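Notes follow the structure.
Number of protein chains: 2
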Amino acid sequence: MKLQEAKAQFIQAWGSLGAQWGINRTMAQIHALLLIAPAALSADEIMEELNISRGNTNMNVRELINWGIVEKVLVPGERKEFFIAEKDIWKVGTAITAERKKRELDPMLKVLQQLQKVEGDAKDKNVKAFVDAINGIYKFAKHTDVTLNALIKAEESWFYSTIFKLLK
Amino acid sequence: MKLQEAKAQFIQAWGSLGAQWGINRTMAQIHALLLIAPAALSADEIMEELNISRGNTNMNVRELINWGIVEKVLVPGERKEFFIAEKDIWKVGTAITAERKKRELDPMLKVLQQLQKVEGDAKDKNVKAFVDAINGIYKFAKHTDVTLNALIKAEESWFYSTIFKLLK
DNA sequence: TCGAACTTTCAAAAGTTAGTGAAAATTATT
DNA sequence: AATAATTTTCACTAACTTTTGAAAGTTCGA
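Here it is as structure tokens:
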């Protein structure tokens, strides 16, 4: 397989993965492009390679920066801004996990906490079914929260390899 | 908070979570409704509670069954079909993990394996950057695969609690 | 075998999300 | 301060996804 073909395939695969994850396709494709680039790319180079508009490029690069997996770099003597992706994929994983936790799990925990305060006759089977379900889900969510916090905190690889050996 | 209000809030929250996960909102809402129901519900009851059409109900219930988190149940003496959700949230988690792995991780692993065969001058910095990136991602993906397989296989709660204590 | 009860399908409509490109804003250079 | 290069914004459009509801299909009991 030629490099050009391989690159295109990777960008496309990473894009679909992103799309399935609720990350927009273009954002994931820009990320893919930067991951395999030998050096920082400018907005124009990204536009060119992916055939997307300037506005789209700008928006999605900014979002990648928000997620903490892409950085602006200044090349001396150049007026343009250049962008580079975090290459350590463990760190990328951690950053994505942290971001998704903040957006998804944290709000859910809040809601579940509220919902535990439901009032009503404990003998009513509707109330009982509701309370039981919410309690179960709350425990699960809390557990996940604790686990993810540990993972996010422990960026060092010894941690991952410890878990890894355990699960192997 | 009254039960009706709490129910509505939970269904809405579960729906948004689903939407962010690329699961369609209605599918997640039906799932939420079944999770807190004290008994199996018919298609008509689901339509009624969520104000959705028959077609929509049918499609999404079928998809929930495909994911293995909802079951058809037959109530003696009744002609209609009734539906019930898996109430053990750990099992729900496992089923969803397994399904997503099949749809997302497995195809990605295949692609990455292919891409490692890229041909070209090892001294070309473009080739080198590509190969390095793909190798790193492949290792990460493989690792995740092994880990998830272990999680999926071990449905017993002792397993989760062992990991839990470790991470605590 | 017929018909009522129920489920499934599917084409069209509605709704949602992503992408464009030109204009506005910002920043750097002279 | 004027100009040029670059980035950011945003109203609009294009593409995609979901939902509807009526029609077709199926199942079951009499």
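So the protein sequences, as listed, match chains A and B. Take any residue in the first sequence, note its place counting from 1, add 2, and you have its number in my numbering. Take any residue in the second sequence, note its place counting from 1, add 2, and you have its number in my numbering. Every residue, glycine too, gets a C-beta built ideally from N, C-alpha and C. All figures in this text were calculated on a predicted structure; none of them were measured in a lab.
Not flagged as an interface residue toward chain A: B/Trp69, since no C-beta distance is shorter than 9 Å. For A/Ala21, the enclosing alpha helix (DSSP H) covers residues 5-22. Neighbours of B/Leu37 in chain A, taken as residues whose beta carbon is under 8 Å from its own, are Ala135, Ile139 in chain order. In this model, B/Tyr140 and B/Asp134 are separated by some 10 Å (Cα to Cα). About 5 Å separates the Cβ atoms of B/Gln22 and A/Gly24, confirming a contact at the 8 Å cut-off. Taking a Cβ-Cβ threshold of 7 Å, none of the residues of chain A is close to B/Gly20; the smallest such distance is about 10 Å. The three-state reading of DSSP puts A/Ala39 in coil, since its state is none of H, G, I, E or B.
By the neighbour-count criterion, in which a residue is buried when 16 or more other Cβ atoms sit within 10 angstroms of its Cβ, A/Lys9 is buried. Contact annotation for A/Glu106 against chain B: Leu19, Gln22 [CB-CB distance below 7 Å, chain order].
Its chain contains Ala124 as the residues whose beta carbon lies nearer than 8 Å to that of A/Lys130, once the 5 sequence neighbours on both sides are disregarded; these appear in chain order. The DSSP-derived three-state label of A/Glu121 is coil. According to the DSSP assignment, B/Leu153 belongs to the alpha helix (DSSP H) that extends over 127-155. One finds Val113, Gln116, Leu117 in chain B with Cβ atoms closer than 9 Å to the Cβ of A/Gln11, taken in chain order. Looking at the DSSP output, B/Ser44 sits in a beta bridge with B/Phe84. Using a CB distance cut-off of 9 Å, A/Leu5 counts as an interface residue toward chain B.
Between A/Ile32 and B/Asp90, the alpha-carbon positions lie close to 39 Å from each other.
In the DSSP annotation of this structure, B/Lys74 is not part of any alpha helix (DSSP H); the continuous beta strand (DSSP E) holding it starts and ends at 72-76. The C-beta of A/Ala97 comes no closer than 9 Å to any C-beta of chain B. The Cβ of B/Pro78 sits no closer than 9 Å to any Cβ of chain A. For A/Glu101, the closest of A/Gly138, A/Glu121, A/Met49, A/Asn151 by C-alpha to C-alpha distance is A/Asn151.
When C-beta atoms of the segment 77-93 of chain B are compared with those of the segment 26-40 of chain B, three or more pairs fall below 8 Å, so the two segments count as touching. Counted as a single uninterrupted DSSP element, the alpha helix (DSSP H) harbouring B/Asn62 occupies residues 56-68. The C-beta of A/Ala15 comes closer than 9 Å to at least one C-beta of chain B. The Cβ atoms of B/Ala45 and B/Trp16 lie no closer than 9 Å to each other. Pairing B/Leu5 with A/Asn26 gives a Cβ-Cβ distance that is not under 9 Å.
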